[in-house]
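Enquirer: I'd like to ask some things about the structure below.
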Amino acid sequence: MAMKTRNEKVKASAIALAVQGVLIAMAAVPARAQDTQLGSLRAPPNFVELGVATVSKDSYKFGEYTGLVRSGAYLIGNFDVRGGDAYADGNGTRRWQLIGTDLGLTSRSLAATVGDQGRWTIGVGFDQLTHYTSDSYQTPYTGSMGGNSFTLPSFGTAANARTLSAAQLGQFQTMKISNERENTSASGTLIIDPRWSVKLEANHLEQSGAKLMAFGAAAISGATGERPAILPMPTNYTTDTVNLALNWLGSRSNATLSYFGSYFQDNYNGVRFTTWAGANVNETMGTPPSSQFHQLNFTGGYALSARTKLAGGLSYGYNRQDMVYAYDNIVPTVMVTPAPTTSLDGVVKTSHADLKITDQTTRNLILSGGFKYDYRDNQTASNIYNYNAISGGNTANYPNAPLSYKKEQAELAGDYRLSTSQKLRLAYNHDDTHRFCNQYASGGGTPPYAPGTNCVTVPRTKEDKLGVLYRLRAADGLNLNASYSFSNRRSDRDLTARAPMIGLDGNAVVAPALPGVGTPAGITGINGGEFRGFNPFFEASRKQNMLKAGANWEAADRLSLGLNGRLTVDNYGTDFGMQRGKSWSLNADGTYRYHENGTITAYWTQQERIRDLTNQQRSPTTTPTAPGATTIGVPSGATWSNAMKDSDSTIGVGVKHGGFMGGRLDLLGDALYSYTRTEYSTVLNYSTTDASGRTCADPFFLTCVPTPLITNKLFQFKISGLYQVTKQSTFKLGYLYQHLTSDDFIYNGMQTGFTPTAVLPTNQRAPSYSVNVVYASLIYNF
59 MAMKTRNEKV
69 KASAIALAVQ
79 GVLIAMAAVP
89 ARAQDTQLGS
99 LRAPPNFVEL
109 GVATVSKDSY
119 KFGEYTGLVR
129 SGAYLIGNFD
139 VRGGDAYADG
149 NGTRRWQLIG
159 TDLGLTSRSL
169 AATVGDQGRW
179 TIGVGFDQLT
189 HYTSDSYQTP
199 YTGSMGGNSF
209 TLPSFGTAAN
219 ARTLSAAQLG
229 QFQTMKISNE
239 RENTSASGTL
249 IIDPRWSVKL
259 EANHLEQSGA
269 KLMAFGAAAI
279 SGATGERPAI
289 LPMPTNYTTD
299 TVNLALNWLG
309 SRSNATLSYF
319 GSYFQDNYNG
329 VRFTTWAGAN
339 VNETMGTPPS
349 SQFHQLNFTG
359 GYALSARTKL
369 AGGLSYGYNR
379 QDMVYAYDNI
389 VPTVMVTPAP
399 TTSLDGVVKT
409 SHADLKITDQ
419 TTRNLILSGG
429 FKYDYRDNQT
439 ASNIYNYNAI
449 SGGNTANYPN
459 APLSYKKEQA
469 ELAGDYRLST
479 SQKLRLAYNH
489 DDTHRFCNQY
499 ASGGGTPPYA
509 PGTNCVTVPR
519 TKEDKLGVLY
529 RLRAADGLNL
539 NASYSFSNRR
549 SDRDLTARAP
559 MIGLDGNAVV
569 APALPGVGTP
579 AGITGINGGE
589 FRGFNPFFEA
599 SRKQNMLKAG
609 ANWEAADRLS
619 LGLNGRLTVD
629 NYGTDFGMQR
639 GKSWSLNADG
649 TYRYHENGTI
659 TAYWTQQERI
669 RDLTNQQRSP
679 TTTPTAPGAT
689 TIGVPSGATW
699 SNAMKDSDST
709 IGVGVKHGGF
719 MGGRLDLLGD
729 ALYSYTRTEY
739 STVLNYSTTD
749 ASGRTCADPF
759 FLTCVPTPLI
769 TNKLFQFKIS
779 GLYQVTKQST
789 FKLGYLYQHL
799 TSDDFIYNGM
809 QTGFTPTAVL
819 PTNQRAPSYS
829 VNVVYASLIY
839 NF
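Going from the sequence shown to our numbering is simple: count from 1 and add 58.
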């Protein structure tokens, strides 16, 4: 069961913010003329909307995706204009359309299309989106957000981030963090004849700004360990994609031959930054390497008979990355011996094939079967790199691990109509995945590994899944459904695998001296740095049971109700790592039409996720620990357990009533409340008392007590009115209030004086706010 990280949790609570922000973005769903579909074909529903919105308070979180991040006024601008001799009383076949959305915001978009029906179409588009990340981040570094150079011209050095001097603290300044994408597209379709057509799509994406990231640096002046600083990692990228397709359509078949190309360019090769502890030297952090991807695709379908159809596809891809390495030759030198290559020279080839057959066996029975094959062939050379850790010590000889895999998937399914009111579906899936590295540790450098050494701890995974779905129309207006699935994933283990990580017990595993080499080859990594019996949950053996059920009931002409639920239970087959997981959700909603022009809708959602794990301590030490020490002794083989629980609750109600003031005024309103929380608790499964009598629950350690709750509470109220001034003009007035209370203890460790001793503070705050928005616009339909 996939669980959320802390950052994902904060983002999950912010999903409502993004969605609700879009509700006012800004009135992006204007009140258009409610023409019938037939009428709109004869006379398109053109409209232009202009207005203004005012925001009461600055908040990057409130305007995270809409751009409403500062107090003040914003322009509301939307339009949709169509024309051509194919509309109204014209007898032609040409149409054109211009669309603009959110023109006053940083989530704006523009598009234009023109075409001759049955012959050709041409379209161009532009869209922009800015993600506002933080307005409370502080740093003593000088440099521009989005740049690739950060320095500390007069900061000096510091041995402890908690004891910075007044002069050093005075150099901290607020830097607002955001990243932006600008996307330009063009497309065209040419219909050569009833059988043949060509389609071309091209896209140019520019990304700028930055995202916060930890930059690890050495202490340099004799000390060991990292001295991280949180800095803006620039997102200075361009990506060009092209998709060219040739389509063919026959009486019983169809086929498409296409090419897809993606060209990613990182305009930087690294970020230069000054270390804040030690000698204040400049170091380099690498940025994502530029790359190219090319893919040929073929898809098609053929009707073998009136009841039997065949569909499938083939594809072949080629991915290349050849950027020069970005690293430092400082003292102590990062590379102990020169790198065997100046770049990765990465090459990955991908192949895919799929085939599916569907047969209407009888009037009540449909059978289908399918097969998929995927092969990721990583042909990148595997070289040995002899380097030091960031601390300047702990010399290692590690190869890069070019992971490849082959995956086969098979599916059999049957849909059977038991009666006019009952349907049943049975499905079986089988997945088989092989993982391996080509020519592992056989390239440049001094190979400490024997030929044929395996690079992955889970070389093969098999999974079988069986599912059944039952649908019942129990009565007029009452539909029920229920499904159950069981999957069994079995993972092979290779306890002798040597992945490029630290050793089995968390300590250095030194390879024997090589012929002609006077010193040991260095750390070689046994079992991927994992403990015997441990597997990551996404590779571990697992049995999963999943149950879903739902009901939809049209209780009366004016009332409809819905109820749906899901339960998933996972049990993992590992001694250490994830042990079990469970998630469930329940959703209820109802709509009641209390008046000819009025409806009320209410909904409630509750979901919960739980996971439990048990791990072994990484490095055993002598126990008990000596008095005054900063750790508790860990006996050999000691384990610890951890439980995490996520809970989400949302309740809301919406009302719509029209027909006021002689049918000219419609009112809409809604309110919602959302509450999310995460709980962590850890238990040490061994003696937790040191020689001074302190336990792991003592504030000195605080390692085996539940951490404070992570909570997010969101309340929203929104009301708007649409007044039809004339047949063509509508005035819109609205009000929105949002209040978010966020509490996450991780922000405590970002404050000055409370960070870990080796991490600079950023003074970021939990994103709580209260914001009022008033907006008004005039919509002209023509």
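Quick reminder that beta carbons are idealized off the backbone N, C-alpha and C, glycines included.
Bear in mind that the values here come from a model prediction, so they are computed numbers and not experimental data.
(1) Can you give, in chain order, each stretch of the beta strand (DSSP E) that sits fully within the segment 291 to 371 and has at least 3 residues?
(2) Taking the beta carbon of Gln-226 as the centre, do at least 16 other beta carbons fall within 10 Å, making it buried, or is it exposed?
(3) On the DSSP bridge assignment, give the partners of Pro-457 in chain order.
(4) Could you check where the beta strand (DSSP E) with Gln-786 kicks off and where it finishes?
(5) Please state whether the Cβ-Cβ distance between Thr-159 and Thr-188 is less than 7 Å.
(6) Within the same chain, show all residues whose beta-carbon is closer than 7 Å to that of Ser-309, passing over the 5 residues directly before and after it, in chain order.
(7) Pull up the CB-CB distance for Tyr-650 and Arg-616, whole angstroms please, since I reckon it's below 8 Å.
(8) On the criterion of 16 or more Cβ atoms from any shown chain inside 10 Å, does Gly-150 qualify as buried, or is it exposed?
(9) Assign Ala-499 to one of three DSSP states: helix, strand, or coil.
(10) Kindly indicate which residue of Thr-515, Tyr-431, Leu-530 has the alpha-carbon position closest to the one of Ala-459.
(11) Go through its chain and collect everything with a Cβ distance to Asn-659's Cβ below 6 Å, but skip five positions before and after it.
(12) For Phe-105, name the three-state secondary structure that DSSP assigns.
(13) How long is the line joining the alpha carbons of Asn-700 and Gln-497, rounded to whole angstroms?
(14) Tell me which residues share the same chain as Leu-780 and place their Cβ nearer than 6 Å to its Cβ, disregarding the 5 neighbours each side in the sequence.
(15) Which whole-angstrom value is the C-beta distance of Phe-759 and Ile-690, which I expect to be below 8 Å?
(16) Which of the three DSSP states, helix, strand or coil, is assigned to Ala-566?
(17) From the DSSP output, in three-state form, read off Phe-803 for me.
(18) With C-beta atoms as the reference, is Leu-644 less than 7 Å away from Trp-334?
(19) Quick check on the DSSP output: the beta strand (DSSP E) that includes Phe-184 runs from which residue to which?
(20) Keeping to the same chain, check which residues put their C-beta closer than 6 Å to that of Gly-319; ignore five residues upstream and five downstream.
(21) Of all the options Ile-235, Gly-141, Tyr-474, which has the alpha carbon lying nearest to the alpha carbon of Asp-417?
(22) Out of Phe-775, Asn-770, Phe-718, Thr-697, which one is the CA nearest neighbour of Ala-729?
(23) Would DSSP call Gln-809 helix, strand or coil?
(24) Can Leu-538 and Leu-530 be called in contact, C-beta distance under 7 Å?
(25) Going by DSSP in three states, Ala-225 sits in which element: helix, strand or coil?
(26) Determine the contact status of Asn-655 and Gly-727, defining contact as a CB-CB distance below 7 Å.
(27) Cα-Cα, which of Phe-803, Ala-313, Gln-796 is closest to Thr-10?
(28) 7 Å is my cut-off, CB to CB: does Ser-835 come that close to chain D?
(29) Could you check if Gly-510 is buried or exposed, using at least 16 other CB atoms within 10 Å of its CB as the buried criterion?
(30) Enumerate, from N- to C-terminal direction, the unbroken beta strand (DSSP E) stretches of 3 or more residues contained entirely within the segment 701 to 765.
(31) Between the segment 469 to 485 and the segment 419 to 427, do three or more beta carbon pairs fall short of 8 Å?
(32) In angstroms, rounded to a whole number, what distance separates the CA positions of Gly-142 and Pro-103?
(33) Going by DSSP, which residues form a beta bridge with Phe-273?
(34) Taking the alpha-carbon of Ser-25 as reference, which of Gly-502, Ser-599, Thr-420, Asp-412 has the nearest alpha-carbon?
(35) Taking contact to mean at least 3 C-beta pairs separated by less than 8 Å, is the segment 225 to 242 in contact with the segment 348 to 367?
Expert: Answer, in terms of the structure:
(1) You should have 295 to 307, 311 to 324, 328 to 332, 340 to 344, 349 to 361.
(2) buried
(3) Ile-442
(4) That residue, Gln-786, is in no beta strand (DSSP E); it is neither H nor E in DSSP.
(5) Not a contact, by the Cβ cut-off of 7 Å.
(6) none
(7) 6 Å
(8) exposed
(9) coil
(10) The candidate whose alpha carbon is nearest that of Ala-459 is Thr-515.
(11) Looking at the sequence itself, residue 659 is Thr, so the reference to Asn does not match. Thr-649, Gly-712.
(12) strand
(13) Going by the C-alpha atoms only, they are around 39 Å apart.
(14) Ala-89, Asp-724, Thr-788, Lys-790
(15) 6 Å
(16) Residue confidence for Ala-566 is low, a pLDDT of 44 falling below 50, so the modelled location carries little weight; the figure read from the coordinates is stated next. Coil.
(17) helix
(18) no
(19) 178 to 192
(20) Val-300, His-352
(21) Just measuring C-alpha positions, the residue of Ile-235, Gly-141, Tyr-474 sitting nearest Asp-417 is Tyr-474.
(22) With distances taken between Cα atoms, Ala-729 lies closest to Phe-775.
(23) Looking at Gln-809 - three-state DSSP - the assignment turns out to be coil, as it is neither helix nor strand.
(24) yes
(25) Three-state result, Ala-225: helix.
(26) no
(27) The requested residue 10 is not part of the displayed model; the chain covers only 59 to 840.
(28) Chain labels in this structure do not include chain D; a single protein chain is all it has.
(29) Only exposed fits Gly-510, as fewer than 16 other CB atoms lie within 10 angstroms of its CB.
(30) 723 to 742
(31) yes
(32) Their Cα atoms are separated by approximately 13 Å.
(33) Ala-287
(34) No information on residue 25 is available, as it lies outside the stretch 59 to 840 that the chain covers here.
(35) Contact between the segment 225 to 242 and the segment 348 to 367 is absent: fewer than 3 CB-CB pairs across the two stretches fall below 8 Å.
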